[in-house]
Every structure is written in C-alpha cells, then in structure tokens.
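Peer 1:
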Amino acid sequence: MHRRWTALCMCLPAFVAAAGEPELAFKPSGEGLFAFDTGALKGTLRADGKCQGIIPLVDTRSGANLAHSVGVLSYYRLFSTGKRYADGRSRPTTNKLLPDGAVKIHWPADEANPFEMEALFRWKSPTTIDLETTVKPTQDLPRFEVFLSSYFAKEFRSFVYVKPARYGSGKPGFLAADVSPLLQGTYLAFPRDLAAAQIVLDGRWELGHNPVQWSVTRYLAAPMAMRRDEKSDLTALFLSRPEDCFAIETPYNMTPPDGVAGHYSTYLSLFGGDLKAGQATAARVRLVIDRGITEQRAVELCRQLAAEKR
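Structure, rendered in structure tokens:
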C-alpha cells in the first residue's frame, strides 16, 4: 500500500501540471462559437454566420486584442471569371468540433453558389494556426478565387515579401506598404506573376457592392505578408504555398489613416486556377503570431510549409 501511495504521489504533480496547461484545441463556447487558449494567444473562433472569423484574438502577455472588425482569417469575397458569389461571411454554414480540437466549417452548394467549401482551423503550436480551405464545384469554375481577409489593431503596419524591381537592385525582402501620392485612394495588390495580375484586373472587383480599385505594384517573391507592431515587436506572419496563393493585397500604411488605410487589413487571394466540376481542390494558409520574427526566420517558416506533405 505504501509503495502504491508513493508511486501515485510521484505521478500526481505531473498530472496536475498537464491538466492546468493551455491546450492547442478549440472548445465550444456558444452556438457556432469556439474558444481557445494556447498560452500565447486566446480568443474565439466565430462560425455563427454573423461574424465569421477569429475575434477577439488576445496576446496573453500584454492582454491586447490584436483583431478588429470581423477579425482574423475570415472568408470574404468569392469569385470566378465574370462572376461574384455570395460573400463567405454571410452564407449559411454548419460547423463541427473534431476530436483533435480542430474546427471544420462547411458551406453547402446551392443554385447561386455552385460549389461546396470547407474550412479546417487547427492549432499547430501556441503561436501558429493552420487554415485549410477545400472547394468542390458542382460545375466548372474558371479562375476561381477565395479572398481571405484579416483585420488587425491599428498599431500593426503592413509588409509584403516581394521580388526586386526589374530595373532595380537588391534581393527579395519585406517591403513596407507605405502610402505615396501615386497610390493614395487605391488598395495595393502584389500578384505572383503576370497571369495572377490579370486575374486581379479582369473586372471581378467591379461586380456587386463595394467595388475596389487596385494598384498592382510588385510581384511576390513568396506568398508571405506581415502585420507588425514595431513597438511591442509582435508580428502576425501569413504564409502560404505559391500554388495556393496567387496574390496578397493590403491597404497602405498611413498616419493618420484615410478611408483605405483605416482598414488595417491583409488579404490573401487563394486558388486562382480553373476548378473542374466534382474535383476537390485545397489551399493552405498558416498564421504565426509571435515576437522576434526576423526576415530570416520568416523565410525558414515559409520553406518549412512548402516542404510539408499535403
């Protein structure tokens, strides 16, 4: 008996510590709401059809809410050539908490929106979340696009990882998306290549409500973008694969902000290819929110994602 009690006491502290640790999992917190606390970040994933996205998103060290508006990793506009579909934020969805703590959200196909879509949110580490988007059309969809939005607090400036200019010098690197008289009043688009730029400018952004004027600027060197609070050194780093993300868009940095800059947003244009009826296609986005993310570290993280099996 004494030996059993000793063994139990030796195991108990480890059990209690494990039980009290934050988890890399979502937990139900209301109808269509899923709370999380990873130790580094805490907040709520909203999948209730009213304000889909992660908000609040709180840095546990400072207690600051990093997100605003509809939050981070929120599905916004959906397009194919010459067609705009219902925004992902407003369409009816179903959701499911998986046994491993991930959350799956499903958009059914209907007559006006001829494709099923699924989103899988999963924590990879206390500072890293993966979002995989799968689309299965019921008819062919030329140059299909999922426009994924994220809105941050005003302290976070925008940077995009770009190629050097053709007639310039230097290496690929993060470029601050700062305002200039040439750009003011437009949003900035950083396409993967010329074909991607042609998708951005094919007229889809003139369809429906709230048309957008884009200034196509530099080509992406890799699908990476940052929102950084330079005072706290807290960075939100977006990563994807070149085949999954054909452009990154952002308003410019401007103080005080105008009607464009005040969105404090980063957007990723996913897919961009021709999707065939009945064939499911997936795209992945990784968001890392941490301190001390250097350009070298960002490149390493992007390479790690590219090397992972699908």
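Residue 312, in my numbering, is where the sequence shown stops; the numbers in between run on with no holes.
Using N, Cα and C, we set each Cβ at its ideal position, and we do this for glycine too.
Counting pairs of Cβ atoms below 8 Å between the region 210 to 225 and the region 165 to 177, do you hit three or more?
Peer 2: As far as the Cβ criterion goes, the region 210 to 225 touches the region 165 to 177, which means the pair count is three or higher.
Peer 1: Since ARG145 and THR46 should fall inside the 8 Å C-beta cutoff, what is the C-beta to C-beta distance between them, to a whole number of angstroms?
Peer 2: Incorrect: roughly 34 Å between the Cβ atoms, too far for contact.
Peer 1: Going by the beta-carbon positions, is the gap between PRO193 and PHE248 smaller than 8 Å?
Peer 2: In contact: PRO193 and PHE248 (Cβ atoms closer than 8 Å).
Peer 1: Could you tell me which residues DSSP pairs with MET256 in its beta bridges?
Peer 2: Answer is none; MET256 lacks a bridge partner.
Peer 1: In or out: LEU270 buried (at least 16 other Cβ within 10 Å) or exposed?
Peer 2: Buried, since its Cβ has 16 or more Cβ neighbours within 10 Å.
Peer 1: Write down every uninterrupted run of the alpha helix (DSSP H) in the region 178 to 220 whose length is 4 residues or greater and which is fully enclosed by it, in chain order.
Peer 2: Segments of the alpha helix (DSSP H) lying fully in the region 178 to 220: 196 to 202.
Peer 1: Which residues does DSSP pair with ASN67 in a beta bridge?
Peer 2: Answer is VAL60, bridged to ASN67.
Peer 1: Could you say which of SER31, SER64 and ARG286 lies nearest to ARG293 if we only look at CA atoms?
Peer 2: Minimum Cα distance to ARG293 is reached at SER64.
Peer 1: Could you say if the region 136 to 155 and the region 268 to 282 meet the contact criterion of at least three C-beta pairs nearer than 8 Å?
Peer 2: The region 136 to 155, when compared against the region 268 to 282, does touch it at the 8 Å Cβ threshold.
Peer 1: Ends of the beta strand (DSSP E) at VAL262?
Peer 2: Here VAL262 belongs to no beta strand (DSSP E), and DSSP marks it neither H nor E.
Peer 1: Can you tell me the Cβ-Cβ gap for PHE28 and LEU99, rounded? I've got them flagged as a contact below 8 Å.
Peer 2: Indeed, because the Cβ distance is near 6 Å, the residues count as touching under 8 Å.
Peer 1: Go ahead and label GLU33 buried or exposed: buried means 16 or more other beta carbons lie within 10 angstroms of its beta carbon, across all protein chains shown.
Peer 2: So GLU33 ends up on the exposed side.
Peer 1: Is it true that the CB of LEU59 sits closer than 8 Å to the CB of LEU43?
Peer 2: Result yes, Cβ atoms of LEU43 and LEU59 sit closer than 8 Å.
Peer 1: Just checking my contact of LEU150 with LEU75 at CB under 8 Å: how many whole Å lie between their CB atoms?
Peer 2: About 7 Å separates the two Cβ atoms, so the contact holds.
Peer 1: Indicate whether ALA238 and ILE291 have their beta-carbon atoms separated by less than 8 Å.
Peer 2: A contact, by the Cβ cut-off of 8 Å.
Peer 1: Between the region 177 to 193 and the region 248 to 262, are three or more C-beta pairs nearer than 8 Å?
Peer 2: Yes, since at least three Cβ pairs between the region 177 to 193 and the region 248 to 262 fall closer than 8 Å, the two stretches touch.
Peer 1: Compute the beta-carbon to beta-carbon distance between TYR77 and VAL148, rounded to the nearest angstrom, for a pair I have assumed lies under 8 Å.
Peer 2: Between VAL148 and TYR77 the Cβ distance is about 7 Å, and since that is below 8 Å, they are a contact.
Peer 1: Have a look at GLN215, THR40, GLN54 and SER160 and flag the residue whose alpha-carbon is nearest the alpha-carbon of ARG91.
Peer 2: Among GLN215, THR40, GLN54 and SER160, the Cα nearest to that of ARG91 is on GLN54.
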